[in-house]
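Q:
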Amino acid sequence: PTTALSLVQLQQKTLVLLAIASMWRIRSDLGRLQWRDVTIYRDHYGQLKGLTMIIRKPKESQAKVSNLGPVDDQEVCPVLTTEVFMEKTRSMREETSELGPDHTFFLAYIDREDRRSIKPATTASWLKTLIACVKIDTEQYKPHFIRAAAATKAVLQRIPIQTVKLHANWSLRTDTFERYYLRPNRQHQRGAEIETAIFSTENRTTSGDERAATAIVVENMPHNQQVDARDSVDVVGTRP
905 PTTALSLVQL
915 QQKTLVLLAI
925 ASMWRIRSDL
935 GRLQWRDVTI
945 YRDHYGQLKG
955 LTMIIRKPKE
965 SQAKVSNLGP
975 VDDQEVCPVL
985 TTEVFMEKTR
995 SMREETSELG
1005 PDHTFFLAYI
1015 DREDRRSIKP
1025 ATTASWLKTL
1035 IACVKIDTEQ
1045 YKPHFIRAAA
1055 ATKAVLQRIP
1065 IQTVKLHANW
1075 SLRTDTFERY
1085 YLRPNRQHQR
1095 GAEIETAIFS
1105 TENRTTSGDE
1115 RAATAIVVEN
1125 MPHNQQVDAR
1135 DSVDVVGTRP
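Start counting the sequence shown at 905; every next residue gets the next number (the numbering used here).
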């Protein structure tokens, strides 16, 4: 359980869950996240409501905000895990004079007295080590891939793309997410289905007009090529 983890393990778990849930950049966002910019919210009944994270100087032109809510499974809940991490490290942060008000949320040497703020690249290094521990090829799947994987999974679970882009702070006016991050796991299978239909030797009706037929014969291309379209306005033929 989360409460039984060592400080090092708890910090690693918190990093992984926040990386997945927020879809933030590993280095420039989570690597620069400050302790003072993470807030846990509970209602007046003590019910956990969520957390808010702010990046003061992101790559984007204005401050970046992420609002996360709790999930039912407490062992993978990023909000609850973050709260436990904050409660276990709060007093030590206050007692460590070297940690100023702008110290980072994640700490180097967290289980030692000489703990200090991390460099932005440290979070990527930690995640790379954790990824390697579960036998994933870190040359093919680098820490930054977590962002794309989390966003793609949300879309495949039928979360609207616009909602995902808002959550991850992608601009709604660009197609950056669609072009570089959305990686559906069936994209090659769909391509194969389309190619099979194109190169099939079977004749198929392309409209309600049963007289229409489209035949594509590919043999010794490009010297022997035939495209035949007859008797239907719904059939589009391509001629050299």
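Beta carbons: idealized from backbone N, C-alpha and C, even for Gly.
From the DSSP output, in three-state form, read off Val-1038 for me.
A: Correct three-state label for Val-1038: coil.
Q: Pop quiz: Pro-1042 and Ile-1035 are said to be a contact at Cβ under 8 Å. What is the actual Cβ separation, rounded to whole angstroms?
A: According to the sequence as given, residue 1042 is Thr; it is not Pro. Indeed, because the Cβ distance is near 5 Å, the residues count as touching under 8 Å.
Q: May I ask you to verify whether the stretch 933–941 touches the stretch 1007–1022, counting CB pairs closer than 8 Å and requiring at least 3?
A: At 8 Å Cβ cutoff, the stretches touch.
Q: Check each candidate in Thr-907, Lys-917, Met-927, Leu-922 and name the one with the smallest Cα separation from Trp-1074.
A: The candidate whose alpha carbon is nearest that of Trp-1074 is Met-927.
Q: Using three-state DSSP, classify Met-996 as helix, strand or coil.
A: Note: Met-996 maps to helix in three-state DSSP.
Q: Report the rounded CA-to-CA distance for Met-996 versus Phe-989, giving the unit in angstroms.
A: Between Met-996 and Phe-989, the C-alpha separation is close to 12 Å.
Q: With DSSP as the reference, please indicate the residues paired to Leu-911 in a beta bridge.
A: According to DSSP, Leu-911 bridges with nothing at all.
Q: What is the DSSP secondary structure of Ile-944, counted as helix, strand or coil?
A: Looking at Ile-944 - three-state DSSP - the assignment turns out to be strand.
Q: Going by DSSP, what residue range makes up the beta strand (DSSP E) through Ile-959?
A: Start and end: 952–959.
Q: Pull up the CB-CB distance for Leu-955 and Val-983, whole angstroms please, since I reckon it's below 8 Å.
A: Contact flag correct, Cβ pair sits at about 5 Å.
Q: Is it the case that the Cβ atoms of Ile-1014 and Gln-913 are separated by a distance below 8 Å?
A: No, the pair does not count as a contact, with Cβ atoms beyond the cut-off.
Q: Assign Cys-981 to one of two classes, buried (16 or more other C-beta atoms within 10 Å of its C-beta) or exposed (fewer than that).
A: Flag for Cys-981 reads buried.
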